[in-house]
Structure formats: C-alpha cells, structure tokens
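Let me begin by presenting the structure, written as structure tokens, before commenting on it.
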Amino acid sequence: MTAATRPGDAGEDYSIRVVRQAVVETTSDFVGGCLRHSNQGMLDIPIVFTLVSLARDGAVQHHVVDCGVGAGPRTGGRPPPRSWISPGRFLTEVGIAPADVQWLLLTHLHKDHSGNLADLPHATVGVQRAEYDGWTDVLGLPASYLPLGEASWAHRAISPDTLHHLREGLRGERTVLLDGDYEITPGLAVRLARDSHTFGSQLVTVDTPEGVYVVGGDNVFAYSNLTEMWPSGAGQGNQFHVLEVLAWVNDTVGGDHRRVVPGHDMAVFAPATTVWVGDTAVAEVRIGSWDRSWGGDRAGTPGGMG
C-alpha cells in the first residue's frame, strides 16, 4: 500500500463522525481473532457508517463511508440487528439531505457494510473493481459450493441485491469501479488492500492538519487487531495480507489509534467524544474549525448501547 500523505501537504479541515447504525451480537474470536480470543464468549459490536464533511467554496460537502446493515433477519436464523436506523433517516434527522451526499465509499461488499445502498440515491458509489468482480464470481459458483444454501460459507456475507444495485449503477454511471488507490477529493482518498479481508477491500484516508485519519473497514475490525497485530477471525481473503494492512495503518497514524475508525469496535464511542442523536450514538472523531459539535440542540438522551 502506498503512503497516505503528500510532501508538504497541510491537510484539509474535515469533520469525521462515526454513526452507530445498529448493534449485533457475535463471538469474541470473530472480532479479535481465532485462538487469541477463542472461547471468550459473546459480545455486542456496532454496525457503523462514517460521515466525512468539509466546508469548501461556500458549501458543505458530505461523503459517507459504508452504509450499514439492512433491518431484516440475519443469515442462518440469527436475530435481526438491534437499535437499527436507516442511514437516510439519520441524515435527515441531523439536517443533511441524503440526496446531497456526493460519494458513498464502500470498504467492501459484506452485507453489514453495503445494506442500505438505496438510502443515498444520488451518491456516486465507489468500490474497487477487484471487490466487485470477486463477489460476482462467488455468486456464480455451482451448487456444490453451497450445501447450506445462503448460509454456506461462500454466500453468507454477501447479498445478491448488493451486486444487482451496483450493476444497475454501472449503467447509469452512479457506480464507479476503482482500480487501486484513488483521490476522491483533496485530502480524501481510498487505498486498495487487495486479497485482504475480502477480494478488493479498500481503506479510506482523510488527510487533516494534525495528520491522516484512517477508516479501516474490516481489515481493522477492532483496535485490538492493531495493538496485538492479530487479524480478526472474519474474512474471505489472505490473513497475512491483513497483517500487512494492520502494519500500514499503524505506520500511517504513527501509533495514534485515536485517528483510526475500526469496522466494529464499541470503543469508538468513548464518552468524551460521543453525542446522542435520539437513540443513536455518534462518535465525533474530528470536528472541523468551521463546524460545531452535535452535542447541543440536536443531541438526545442516550438510549443505551443495546
């Protein structure tokens, strides 16, 4: 992976907010990694999307990273998500028209990151070509790969509806298949992590005056993956490549994990940086000098972490 900064770059004054879109229960080793965190019981993890905003040329630009999970039952008879809110409804509640979101950047195509594509009807959807092609091939696998139906290992994390939506977007130029690293707008870029958590996962970097922030998707499932250098137990790719991505993230942020947004860690929602919009937790990871905290008139009473 390439360096996330440019020589002499002073960064841009972005605001970065992480929205807890839902809560699900899973096993500890799914998060922290097999063997290292096996047989440690169950835990709640957040499903999140990240709002990246910048005031430029007299207007505020909004971009979203991932779009959470759908509201229905989960694969294999698992219970549906709790504390669920659609991204479109949430954005409307905080005064952002979903139609005004410019880019929706998908770190990968698992159901819990791409489950509400229709909520952002005018956003350009950026996904790596390797990711799109890889999952397209998976959905074409013969029945011998799928002895458990949709609960089979190959299919349980992907929804055919996601691929259909992206395919339709290609016809209308709403979907953009990216071939590697790409700068979306000054200071906001994607970094390809090929054959890592998935076929073509990407990380999102946000270059600010105090340094680069990284939205890690599920290559950085939780902070413990970075501190222990131990990949999560989830994924369809190469775990050693995930390890290399973790090393890259640590190097990029200089070990300052306050500048990392992991895919599913409740620790993101630390009391010092978390505000509540109704019953939805929002981690204000960085607030631009042009912006203000949502902890004032738009904050509600905490509804709990479940």
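Residue numbers for the sequence shown follow my numbering, beginning at -6 and rising by one.
Even for Gly, the Cβ is constructed at its ideal location relative to N, Cα and C.
Only a predicted model underlies this, so the values are computations on that prediction, with no experimental measurement involved.
- In this structure, Val41 and Arg82 do not form a Cβ contact; the two beta carbons are roughly 16 Å apart against a cut-off of 8 Å.
- In the three-state DSSP reduction, Gln232 falls in the helix class (H, G or I).
- The beta carbons of Val278 and Thr266 sit about 7 Å from each other, so the pair counts as a contact at 8 Å.
- Between the region 102 to 111 and the region 47 to 65, the count of Cβ pairs shorter than 8 Å is three or higher; the stretches touch.
- One Cα belongs to Ser217, the other to Ala260, and the distance between them is close to 10 Å.
- In this chain, Tyr175 is not harboured by any alpha helix (DSSP H); it is covered by the beta strand (DSSP E) spanning Tyr175 to Thr178.
- Within the same chain, Cβ atoms closer than 6 Å to the Cβ of Val238 are found at Ala186, Ser189 and Asn212, the five residues on either side in sequence being excluded.
- Excluding sequence positions up to five before and after Leu44, its CB lies within less than 7 Å of the CB of Arg10, Val12, His55 and Val57, all in the same chain and listed in chain order.
- Under the three-state reduction of DSSP output, Asp37 falls in the strand class.
- DSSP places Trp128 within a helical segment (H, G or I) once states are collapsed to three.
- Residue state for Gly88 is assigned as coil, using DSSP reduced to three classes.
- Under the three-state reduction of DSSP output, Pro73 falls in the coil class, being neither helix nor strand.
- Here His190 carries a coil assignment [DSSP, helix/strand/coil].
- For Pro255, DSSP records a beta bridge to Gly210.
- At a Cβ-Cβ threshold of 9 Å, Ala116 and Trp96 count as neighbours.
- Between the C-alpha atoms of Gly248 and Phe192 there is a straight-line separation of about 27 Å.
- Cβ-Cβ distances below 6 Å link Tyr138 to Ala147 in the same chain, with the five nearest sequence neighbours on each side left out; the list follows chain order.
- Glu124 places its beta carbon 9 Å or farther from that of Leu84.
- By alpha-carbon distance to Asp272, the top candidate from Gly142, Glu86, Pro91 and Ser46 is Glu86.
- Val199 is a Cβ neighbour of Tyr7, given a cutoff of 9 Å.
- For Val17 and Ser282, the gap between their C-alpha atoms comes out near 34 Å.
- Within the same chain, Cβ atoms closer than 7 Å to the Cβ of Pro153 are found at Leu132, the five residues on either side in sequence being excluded.
- As summarised for the region 117 to 163, the continuous beta strand (DSSP E) elements at least 3 residues long and confined to that stretch are 117 to 121, given in chain order.
- Straight through space, the alpha carbons of Arg184 and Gly173 are spaced by roughly 7 Å.
- Rounded to the nearest whole angstrom, the CA to CA distance from Glu203 to Pro140 is 51 Å.
- When C-alpha distances from Leu219 are compared across Gly228, Gly142, Leu236 and Gly127, the shortest belongs to Leu236.
- Counting only the Cα atoms, Leu102 lies some 13 Å from Arg160.
- With respect to Gly25, Ser225 sits close: the two C-beta atoms are nearer than 9 Å.
- For Val12, the uninterrupted beta strand (DSSP E) run begins and ends at Ser8 to Thr20, by DSSP.
- Of all alpha-carbon atoms in Ser286, Cys27, Ala52 and Gly119, the one lying nearest the alpha-carbon of Leu196 is that of Gly119.
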